[in-house]
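**Q** For our numbering, count along the sequence shown from 1 and bump the result up by 889.
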Amino acid sequence: QVQLVESGGGLVQAGGSLRLSCAASGRTFSSYAMGWFRQAPGKEREFVGYIKWSSGSTYYSDSVKGRFTISRDNTKYTVYLQMNSLKPEDTAVYYCKLTEYYAGTAYWGKGTLVTVSS
890 QVQLVESGGG LVQAGGSLRL SCAASGRTFS SYAMGWFRQA PGKEREFVGY IKWSSGSTYY
950 SDSVKGRFTI SRDNTKYTVY LQMNSLKPED TAVYYCKLTE YYAGTAYWGK GTLVTVSS
């Protein structure tokens, strides 16, 4: 059974930083990417960024580019989201997603809440 578990969310003041983690388990994965999405209250889930596991290439939405950084631990299926210069509009539940792009499978975590106070 595949599981993705996020951690690291919490309350932070505007301008502060948080680091989220997401660990995947349950089986081995191939040709995949791990990414982050977020959903603010009353809004649709939106893309934040992802990292392609084989190459380490990253891609970010314009709203977080330059403030957020995604990295990975090559020894385990773990991805990180370093969030700096946080803004109140970054308040959301952050979800981790693992996508096997050739197999066409995708898995989601249950999310972790990030609240940025002004």
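Glycine is no exception: its CB is placed at the ideal position from the N, C-alpha and C atoms.
Predicted, not measured: the structure shown is a model, and the values here were computed from it.
1) Please confirm whether VAL982 and MET923 have their CB atoms less than 8 Å apart.
2) Look up ASP962 in the DSSP assignment and say whether it is helix, strand or coil.
3) Whose CA, out of ALA912, GLY899, GLY955 and ALA903, lies closest to the CA of SER1006?
4) With DSSP as the reference, please indicate the residues paired to LYS976 in a beta bridge.
5) Going by beta-carbon coordinates alone, are LEU987 and LEU907 separated by less than 8 Å?
6) Where are the beta strand (DSSP E) runs, 3 residues long or more, that stay fully inside the stretch 892-943, in chain order?
7) For the candidate residues GLY1000, GLY938, TYR949 and ARG927, whose alpha-carbon lies nearest to that of GLU978?
8) To the nearest angstrom, report how far apart LYS965 and GLY931 are at their CA atoms.
9) What first and last residue would you give for the beta strand (DSSP E) that runs through VAL982?
10) Using 10 angstroms around the beta-carbon of GLU935, count the other beta-carbons present and answer buried if the total reaches 16, otherwise exposed.
11) For TYR990, count neighbouring C-beta atoms within 10 Å of its own C-beta (all shown protein chains included) and say buried if the count is 16 or more, exposed if not.
**A** Inspection of the coordinates gives the following:
1) no
2) strand
3) ALA903
4) Looking at the DSSP assignment, LYS976 forms no beta bridge with any residue, so it has no partner.
5) no
6) 892-896, 899-902, 907-914, 921-928 and 935-941
7) ARG927
8) 34 Å
9) 981-989
10) exposed
11) exposed
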